[in-house]
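Residue numbers (UniProt numbering): 1 to 553.
Ideal placement from N, C-alpha and C gives every residue a C-beta, glycine not left out.
Keep in mind the model is a prediction, meaning the values are calculated, not measured.
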Amino acid sequence: MKVNMMASKQQENTSAIKFMFVLALDALVCEQIEGDAKPLTGWSSARLSVSNPTLKSLFHPDDLDIYDAIFSHSSQIEPVSLTFRIVDKKGQAKILRATYQKHLDVDQLKTLITLTLAQPELNLEVAQGMMYDSFFAMLENTDDYIYFKDINHQFTSASQTLVDVTQGITHWSDLIGKTDYDVLSREYADIYYTLEKKIFNGFLPMAQEVQPLLDNHGKLGWVDNRKYAMKDKDGNIIGLFGIARDITDLKEAEARLRKSEDRMRLALLAANQAWFDLDIKTGEMTTSDEYPQILGYAEGELDHSLQEWQAALHPEDSARVMSILNACLAGGDSASVDYRRLAKNGDWVWMSSVFKIAEFNEQNQPVSMIGVHANINSRKLLELELSQKAQIDYLTALNNRGYFMELAEKELSRSQRYQKEMAIFMMDIDFFKKINDSHGHKIGDIVLKKLADVCRQTLREVDIIGRIGGEEFAILLPETNHVEALEAAERLRLAVANSEVPMKDGLPVQYTVSIGVSSVLSADDNIDMLLSRADKALYQAKQSGRNRVCAAA
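This is the structure:
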């Protein structure tokens with residue numbers, strides 16, 4: 001293996017590296033490197049010659065298809081040139097120019113590969129031609145309105161987009177030598193001319209205005225029109241170039257926003273809600289007259305400040321609310337949040353607040369915030385009541401079947417994620433039909449409620465209890481192994497057996513339960529699998545005489 005450091009000086013590009021490889025059936029061997037590889041790769045030629053690192057490891061991951069094409073068993077007599085990327089020793093991506101040839105030696109079962117890598121060189125003559133082509137391509141394809149004018153306000157070139165807003169023009173080149181007065185109405189030409197005067201009079205290096213623009217179909221739009229002075233080498237103004245960007249959508253959005261804000265003000269008045277204006281630096285808050293009233297205060301009784309507002313927040317809501325407020329102050333535009341705060345009578349009332357930054361200083365820091373406070377206590381309490389009714393069994397106040405299954409699936413997921421043990425009971429009241437038949441359904445309901453009370457008193461707060469059928473209950477015990485689950489089930493069975501429902505006339509009603517126990521297995525995909533095993537164990541408990549606990553097999 002030879003490394004010729006001087007050979008690179010003979011190359012047209014002094015930074016070129018020439019590799020000679022032999023690709024055998026089972027290996028790629030670097031036979032020779034001419035030139036210093038370090039300027040291009042960061043690695044010495046000596047290191048690369050022994051494949052430490054390999055050339056393949058230098059190729060950009062997305063250009064490995066090029067590597068595979070170069071280092072394949074095929075013949076390539078004519079040189080092939082292409083561009084690809086490498087990642088040098090410092091992790092910097094670079095674009096290199098590669099030229100390679102390949103000779104397939106069928107007899108020797110190997111391929112001889114010559115690969116030259118070099119830094120791409122800019123051909124100034126070609127680049128200058130491309131510059132003109134790029135300029136005209138921009139004029140033909142841009143969405144903006146671009147134009148160049150001499151000191152007499154005559155177009156010297158323009159983008160094709162101007163055809164849609166000028167009269168009698170089919171191609172941008174038709175504008176050359178014309179002024180705005182030749183292709184626009186006097187009304188609009190006057191507007192544009194006035195702005196250009198500021199440039200040609202030397203008052204401004206750049207002039208900018210938001211101006212109306214009427215297209216050839218009579219549609220009125222808006223552009224952000226900016227004009228820049230063009231000067232010769234002596235600093236004399238010889239013309240201008242301009243770029244006008246269509247901001248019609250933005251202006252329409254602003255109009256919709258203003259309309260929405262006007263309607264919001266009317267809605268606030270109609271709803272008798274309260275607005276506030278906060279000085280962010282001092283914390284002083286100005287509010288409408290309704291704010292103290294919706295909290296039960298008389299005029300003058302409530303301190304209007306950010307400090308008072310924060311101090312009145314419910315402890316469970318305070319951190320969340322202040323986090324949302326601070327995020328809005330740090331970089332947001334607006335935010336909203338529901339929370340509880342203290343009213344004058346000592347009750348926690350539900351409020352809803354909307355915050356919006358109203359003013360920024362010269363350092364783009366918010367200095368004032370406006371917003372709305374609304375008392376939503378009645379609505380929120382109704383929502384909570386409806387939500388609870390959708391989750392709670394009306395008779396026993398336990399979780400209903402749907403909510404129990406939801407909680408159980410979440411607990412199963414947590415158990416599997418953190419590899420925690422878990423168990424489930426299926427429990428049924430023994431001979432419940434006989435209780436109903438003997439004492440009536442009213443007493444049967446009392447028995448169900450009594451059982452729910454015993455469960456709450458006997459089990460842990462973390463245990464999840466649900467009524468999933470008439471006299472059928474399911475209980476989930478988080479972080480509980482099989483032995484602990486059986487012990488808990490037995491305690492519950494005994495507690496139920498020792499409980500009774502008193503009767504006004506006659507002996508109290510005594511009742512028992514049968515319980516099936518199942519522990520979570522690694523193969524359990526859903527809670528139904530545990531419930532199914534627990535249900536089979538419950539069936540076994542009933543078949544074995546009832547009033548007992550059985551474990552799933």
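Taking R460 as the reference, which of I443, A485 and G444 has the closest Cα?
It is A485.
Taking all protein chains shown into account, decide if P366 is buried (16 or more other Cβ within 10 angstroms of its Cβ) or exposed.
The residue in question, P366, is buried, as its Cβ has 16 or more Cβ neighbours within 10 Å.
Mapping DSSP to helix, strand and coil, what is K536?
In this structure, K536 counts as helix in the three-state DSSP scheme.
Verify whether the separation of the beta carbon atoms of V513 and V501 is less than 7 Å.
No; because the gap between Cβ atoms is not below 7 Å, this pair is not in contact.
Verify whether the separation of the beta carbon atoms of I376 and W350 is less than 7 Å.
Yes, these two residues count as a Cβ contact at 7 Å.
Mind the definition here: the region 413 to 429 touches the region 506 to 526 only if three or more C-beta pairs lie below 8 Å; say whether that holds.
These segments touch.
Name the two residues that bound the continuous beta strand (DSSP E) containing S518.
Run containing S518: V513 to S519, per the beta strand (DSSP E) assignment.
Assuming the contact rule is C-beta atoms closer than 8 Å, E409 and I527 should be a hit. Round their C-beta distance to whole Å, please.
Sure, about 5 Å apart at Cβ, within 8 Å.
To the nearest angstrom, report how far apart T156 and Q119 are at their CA atoms.
When rounded, the distance between both Cα atoms is 39 Å.
Less than 7 Å between the C-beta atoms of G371 and K356, yes or no?
Yes. Within cutoff.
Given a threshold of 16 other Cβ atoms within 10 Å of its Cβ, counted over all protein chains shown, does V29 qualify as buried or as exposed?
When all chains shown are included, V29 counts as exposed.
Which of helix, strand or coil does DSSP assign to F203?
Note: F203 maps to coil in three-state DSSP.
Quick one: is D430 buried, meaning 16 or more other Cβ sit within 10 Å of its Cβ, or exposed?
Burial call: buried.
By the three-class DSSP mapping on this structure, what secondary structure does W172 have?
Helix.
Buried or exposed: V113, going by 16 or more other Cβ atoms within 10 Å of its Cβ?
Here the sequence assigns Ile to residue 113, which means Val is not the residue at that position. Counting Cβ neighbours within 10 Å, I113 comes out buried, since at least 16 surround it.
To the nearest angstrom, report how far apart S8 and F135 are at their CA atoms.
Bear in mind that a pLDDT of 36 at S8, under 50, signals an unreliable position, so the number given afterwards is only what the model happens to contain. Approximately 38 Å, taken between the alpha carbons.
In this structure, how does DSSP classify Q160 when only helix, strand and coil are distinguished?
Residue state, collapsed to three classes: helix.
On the DSSP letters alone, give me the boundaries of the alpha helix (DSSP H) that N436 sits inside.
It spans F432 to H439 - the alpha helix (DSSP H) in which N436 sits, taken as one unbroken run.
Using beta-carbon positions only, say whether K197 and L204 come within less than 7 Å of one another.
No, the pair does not count as a contact, with Cβ atoms beyond the cut-off.
Secondary structure at H153, three-state DSSP: helix, strand or coil?
If DSSP states are grouped into helix, strand and coil, H153 belongs with coil.
In chain order, what residues of the same chain lie with their CB nearer than 6 Å to the CB of I243, ignoring the 5 residues before and after it?
Contacts found: D144, I146 and R226.
Comparing alpha-carbon positions, which option in I151, V447, L115 and Q101 lies nearest K18?
The candidate whose alpha carbon is nearest that of K18 is L115.
Considering only residues of the same chain and omitting the five flanking positions on each side of M214, which have a CB-CB separation below 6 Å?
Note on identity: in this sequence residue 214 is Leu, with Met being the wrong assignment. Excluding positions up to five away in sequence, the list reads L220.
With distance defined between alpha-carbon atoms, name the residue in D164, E78, N141 and D180 nearest to F148.
Per the Cα distances, D180.
Report, in whole angstroms, the separation of the C-beta atoms of L412 and D524, which I expect to be a contact under 8 Å.
7 Å between Cβ atoms; contact.
Spatial neighbours of T111 within its chain, please: CB distance less than 6 Å, with the 5 preceding and 5 following residues excluded, ordered by chain position.
The residues are L23, H73, K102 and L104.
I'd like the list of long-range same chain contacts for T99, defined as Cβ closer than 6 Å, with 5 residues on each side in sequence excluded.
Correct list, in chain order: P79, S81 and T116.
Can you say whether A327 is buried or exposed, counting buried as having 16 or more other CB atoms within 10 angstroms of its CB?
A327 is exposed by the Cβ-count criterion.
Where do the ends of the alpha helix (DSSP H) carrying A311 lie?
Residues L306 to A311.
Can the beta-carbon of W309 be found closer than 7 Å to that of S288?
Cβ atoms of W309 and S288: not closer than 7 Å.
If you draw a straight line from the alpha carbon of E12 to that of R97, how long is it in whole angstroms?
The predicted position of E12 is uncertain, since its pLDDT is 42 and thus under 50; a value taken from the coordinates is nonetheless stated next. Approximately 13 Å, taken between the alpha carbons.
Provide the residue(s) that pair with K102 in DSSP beta bridges, ordered along the chain.
DSSP lists Q76 and I113 as partners of K102.
Sort A390, L109 and K344 by Cα distance to L25 and report the nearest one.
Nearest of A390, L109 and K344 to L25, Cα basis: L109.
To the nearest whole angstrom, what separates the beta carbons of L398 and I465, a pair I think is in contact under 8 Å?
L398 to I465, Cβ: 5 Å. Contact.
Could you tell me the alpha carbon to alpha carbon distance between V3 and A158, rounded to whole angstroms?
Unreliable placement is indicated for V3, whose pLDDT of 42 sits below 50; the coordinate value is still reported in the next sentence. V3 and A158: Cα-Cα distance of roughly 57 Å.
Rounded to whole angstroms, what's the CA-CA distance from Y192 to L250? Just pull it up for me.
Distance between the alpha carbons of Y192 and L250: 21 Å.
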